[in-house]
Amino acid sequence: MGLLSIFKSKDPKKLLEIGTEYYNSGKYQKSIEYFNKTLNSESKNPDAWYFKGNAYQMLGKSKLAQDSYEKALSIHPNDLEIIKSYTMLLNSLELFRESVEILKNVSESDDEIIEILGDAYLKTGKFEEAILQYNNILERKPRYKEILAKKGTALVGLKQFDEALEIYEKVLKISPYDTEVWKNIGNAFYTVKKYEKAIQFYDMYLNEHKGDFGVTLSKGDALRKLGKTNEALDLYTKVLEKHIQNYEPWCRVGLLYYDTEDYETAIYYLELANERNPLNPSILVKLGRTYIKLRNYNKGLEFMEKALDKDSEYAKAWCYKGYILNLLEKHYEAIDCYKKAIAINKNDSKFWMYLSNVYKTIGKEDYSKEAYENAVNLENHNMLPKRAENSVL
Numbered sequence: 001m002g003l004l005s006i007f008k009s010k011d012p013k014k015l016l017e018i019g020t021e022y023y024n025s026g027k028y029q030k031s032i033e034y035f036n037k038t039l040n041s042e043s044k045n046p047d048a049w050y051f052k053g054n055a056y057q058m059l060g061k062s063k064l065a066q067d068s069y070e071k072a073l074s075i076h077p078n079d080l081e082i083i084k085s086y087t088m089l090l091n092s093l094e095l096f097r098e099s100v101e102i103l104k105n106v107s108e109s110d111d112e113i114i115e116i117l118g119d120a121y122l123k124t125g126k127f128e129e130a131i132l133q134y135n136n137i138l139e140r141k142p143r144y145k146e147i148l149a150k151k152g153t154a155l156v157g158l159k160q161f162d163e164a165l166e167i168y169e170k171v172l173k174i175s176p177y178d179t180e181v182w183k184n185i186g187n188a189f190y191t192v193k194k195y196e197k198a199i200q201f202y203d204m205y206l207n208e209h210k211g212d213f214g215v216t217l218s219k220g221d222a223l224r225k226l227g228k229t230n231e232a233l234d235l236y237t238k239v240l241e242k243h244i245q246n247y248e249p250w251c252r253v254g255l256l257y258y259d260t261e262d263y264e265t266a267i268y269y270l271e272l273a274n275e276r277n278p279l280n281p282s283i284l285v286k287l288g289r290t291y292i293k294l295r296n297y298n299k300g301l302e303f304m305e306k307a308l309d310k311d312s313e314y315a316k317a318w319c320y321k322g323y324i325l326n327l328l329e330k331h332y333e334a335i336d337c338y339k340k341a342i343a344i345n346k347n348d349s350k351f352w353m354y355l356s357n358v359y360k361t362i363g364k365e366d367y368s369k370e371a372y373e374n375a376v377n378l379e380n381h382n383m384l385p386k387r388a389e390n391s392v393l
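This is the structure:
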């Protein structure tokens with residue numbers, strides 16, 4: 001078949017081959033044209049939908065990628081490669097609940113599927129569930145350093161800091177110059193609010209990976225927490241110059257202005273972040289929280305409800321909704337919200353403390369005392385022992 005006849009062909013197989021060639025050569029928009037031509041001839045071709053999703057993802061068009069993957073899955077619901085790409089995208093969009101719902105129902109999975117599920121649990125604060133997934137992999141691959149590092153992060157989330165650092169030390173012994181471990185150690189120190197130490201490890205990583213998007217933002221976050229506002233803003237601005245369509249740097253700038261109590265400016269930047277990723281419930285919660293500071297409680301409540309529409313298992317959204325309802329003197333509705341937050345994450349002492357306060361407000365002293373004791377017990381359980389001085393870290 002001559003070249004001209006190939007390009008005029010309506011054979012779905014040939015059209016898919018051409019689209020794949022364009023995709024492999026990095027010509028993603030052109031590849032989409034041929035995947036669409038394939039689908040015009042064969043609308044239920046799962047490969048065309050799948051590769052079209054990949055192409056949209058490479059172009060940064062997340063919603064279109066999501067739609068394409070969903071179509072591919074509707075045709076081949078048990079295809080592991082489609083499931084992997086789709087749930088990795090969902091995780092990147094912070095749609096972790098949707099990711100978990102898909103992954104936990106996969107009958108036959110491999111280590112990649114287990115890791116993606118563990119990552120979704122990790123990002124939603126379900127650290128014990130994440131560790132179960134990572135341990136599943138580590139039973140077969142005990143020296144899998146990337147999974148060991150993620151397990152370390154989950155242990156940090158459980159406030160088991162000594163155990164986390166032991167994990168990181170093990171990884172460093174396996175691979176002493178593994179820069180990913182430096183990044184994870186930085187994240188561990190950040191989580192326990194040791195920001196100077198976190199910056200030390202972020203700088204080690206950035207010396208080898210200059211301009212890394214995520215770690216530069218993380219270093220900016222640590223600087224922001226230390227009150228070094230100008231230095232943090234400088235880092236966020238550098239990221240924005242190269243990633244203007246990405247929601248994360250806009251969100252970070254919004255949080256910086258939130259921390260400096262310039263709430264109107266914070267809302268401006270958070271709205272820009274929301275425009276770039278309207279599916280992200282975390283941004284909606286941050287917007288709602290900022291409106292609380294402005295005492296615009298109805299607007300704050302509106303954003304918490306929007307976040308819960310996106311993710312009904314978002315514990316912090318339930319907590320903030322309860323906080324607003326309590327301020328509006330809707331105490332019993334507030335109690336229901338706090339209970340929902342606790343049902344999702346019973347280990348957050350703040351949820352119990354808020355519940356204690358609202359019970360006290362309505363005169364239910366026994367309930368208030370019980371919730372307060374739960375909060376105190378969690379705080380005592382989470383107290384961190386000091387690390388030995390001779391630690392390699």
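Under full-length UniProt numbering, the first residue of the sequence shown is numbered 1, with each subsequent residue one higher. Virtual Cβ for every residue (Gly too), placed ideally from N, Cα, C.
Cα separation between residue i and residue j?
i           : j           : result
residue 286 : residue 301 : 12 Å
residue 51  : residue 95  : 21 Å
residue 167 : residue 22  : 43 Å
residue 347 : residue 254 : 28 Å
residue 141 : residue 135 : 9 Å
residue 71  : residue 267 : 35 Å
residue 129 : residue 109 : 17 Å
residue 362 : residue 217 : 43 Å
residue 3   : residue 68  : The predicted model places residue 3 with a pLDDT of 46, which falls under 50 and marks its position as unreliable; any figure quoted below should be read in that light. Taking the straight line joining both Cα atoms gives about 29 Å.
residue 13  : residue 45  : 10 Å
residue 273 : residue 260 : 18 Å
residue 111 : residue 169 : 23 Å
residue 325 : residue 305 : 12 Å
residue 219 : residue 66  : 30 Å
residue 335 : residue 179 : 45 Å
residue 299 : residue 357 : 23 Å
residue 188 : residue 43  : 47 Å
residue 88  : residue 116 : 7 Å
residue 84  : residue 102 : 10 Å
State the DSSP-derived secondary structure class of residue i, mapped to helix, strand or coil.
i           : result
residue 163 : helix
residue 102 : helix
residue 234 : helix
residue 153 : helix
residue 192 : coil
residue 349 : helix
residue 313 : coil
residue 276 : helix
residue 133 : helix
residue 178 : coil
residue 296 : coil
residue 124 : coil
residue 356 : helix
residue 173 : helix
residue 12  : helix
residue 243 : coil
residue 76  : coil
residue 43  : coil
residue 218 : helix
residue 339 : helix
Applying the criterion that 16 or more other CB atoms from any shown protein chain within 10 Å of the CB defines a buried residue, is residue i buried or exposed?
i           : result
residue 332 : exposed
residue 202 : buried
residue 380 : exposed
residue 207 : exposed
residue 252 : buried
residue 7   : Confidence at residue 7 is low in this model, with a pLDDT of 48, below 50, so its placement is unreliable and the value that follows should be read with caution. Exposed, since its Cβ has fewer than 16 Cβ neighbours within 10 Å.
residue 60  : exposed
residue 77  : exposed
residue 249 : buried
residue 159 : buried
residue 157 : buried
residue 119 : buried
residue 391 : Below a pLDDT of 50, predicted positions are generally treated as unreliable, and residue 391, at 35, falls in that range; the measurement from the model is reported next regardless. It is exposed - the Cβ of residue 391 has fewer than 16 other Cβ atoms within 10 Å.
Return the Cβ separation of residue i and residue j in integer angstroms, given the expectation that the two are a contact with Cβ distance under 8 Å.
i           : j           : result
residue 411 : residue 281 : The structure shown does not extend to residue 411, since the chain is modelled only from 1 to 393, so the question has no answer here.
residue 258 : residue 290 : 6 Å
residue 225 : residue 195 : 5 Å
residue 86  : residue 100 : Between residue 100 and residue 86 the Cβ distance is about 13 Å, and since that is not below 8 Å, they are no contact.
residue 198 : residue 205 : Rounded, the Cβ-Cβ distance is 11 Å, inconsistent with contact.
residue 247 : residue 276 : 4 Å
residue 307 : residue 327 : Not a contact, Cβ separation roughly 18 Å.
Kindly examine the ligand FAD and report whether one of its heavy atoms sits closer than 8 Å to the Cβ of residue i.
i           : result
residue 256 : The model depicted lacks the ligand FAD and carries no ligand whatsoever.
Can at least three beta-carbon pairs, one atom from the region 240–253 and one from the region 11–30, be found at a separation below 8 Å? no
When you compare the region 141–155 with the region 331–346, are there three or more beta-carbon pairs, one atom per stretch, that lie closer than 8 Å? no
Contact between the region 225–232 and the region 200–215 (3+ Cβ pairs under 8 Å): no
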